[in-house]
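Read left to right, the sequence shown gives residues 1463 to 1559 (my numbering). Just so it is clear, CB atoms sit at the ideal spot from N, CA and C, and this is done for glycine as well. Please read the structure below before turning to the comments.
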Amino acid sequence: MATIAPLSDDEVQSALAGLDGWELVDAKMRCELSFANFSEAWGFMNRVALLAETTDHHPEWFNVYNRVHIDLTTHDAGGISQRDVDMATAINEMLAG
Ligand code: HBI
C-alpha cells in the first residue's frame, strides 16, 4: 500500500468537527457506542470488520456485551490520516442505516 502522511492537528480537528460521535483521545479518533445487546454489537463489528478487510485499514477496538469502543489511527503514518477519517465516515453511515 502507498505511503500515507498523517494529518496536521488542524486537519484532524476540522475532520472531527464534521464527525458526530468522534473525539480525539490519546492521539486517536475515538467513538464509544452501545447497542441493544451483544448480538447487535457483534453484528455491527462484523460489518466494520468487512470494511476493514476491503480497505486494508483496521480499527483498534474493545467490546464488552453491548458496548463497542473504537480507536482509529494509522500505524503506517504514525498518527491519524485520511484513512481514519474515511473509516469513521463509513462507520457513521453504517450507524445511520
Ligand atoms: N490498519 N489502522 C491501520 N493502520 C495501518 O497502518 C494499517 C492497517 N491495516 C493494514 C495495514 N496498515 C497494512 O498496510 C500493513 O501495514 C499491515
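Check your understanding: Taking contact to mean at least 3 C-beta pairs separated by less than 8 angstroms, is the region 1494-1506 in contact with the region 1523-1533?
Key -> yes
Review point. Once you ignore the five residues that flank V1547 on each side, which residues in its own chain have a CB closer than 6 angstroms to its CB?
Key: Within the sequence shown, the letter at position 85 stands for residue 1547. Result list for V1547: A1477, in chain order.
Point to revise | Per-residue DSSP class, three states only, for L1481 | key: Stepping through the sequence shown from its first residue, residue 1481 is reached at position 19. Of the three classes helix, strand and coil, the one that applies to L1481 here is coil, per DSSP.
Exercise for review: Report whether the distance from the Cβ of T1536 to the nearest heavy atom of the ligand HBI is below 7 angstroms.
Suggested key: In the sequence shown, the residue the question calls residue 1536 occupies position 74. Yes - the ligand HBI has a heavy atom lying nearer than 7 angstroms to the Cβ of T1536.
Exercise for review: Starting from V1526, follow its DSSP beta bridges and name the residues at the other end.
Suggested key: As a position in the sequence shown, residue 1526 is number 64, starting the count at 1. Per DSSP, R1529.
Point to revise | Bounding residues of the beta strand (DSSP E) (the contiguous stretch that carries L1495) | key: Here the question's residue 1495 lines up with position 33 in the sequence shown. Start and end: 1490-1496.
Check your understanding: Does the beta carbon of D1518 fall short of 7 angstroms from some heavy atom of the ligand HBI?
Key -> Position 56 of the sequence shown holds residue 1518. Correct: D1518 has its Cβ closer than 7 angstroms to the ligand HBI.
Review point. Can you round the beta-carbon distance between P1468 and T1517 to whole angstroms, since I take them to be within the 8 angstroms contact cut?
Key: The residue given as residue 1468 occupies position 6 in the sequence shown. The residue given as residue 1517 occupies position 55 in the sequence shown. Rounded, the Cβ-Cβ distance is 17 angstroms, inconsistent with contact.
Exercise for review: Using only alpha-carbon positions, find the residue among A1479, S1501, D1482, K1490 that is nearest to R1545.
Suggested key: Taking the first residue of the sequence shown as 1, we reach residue 1545 at position 83. With distances taken between Cα atoms, R1545 lies closest to K1490.
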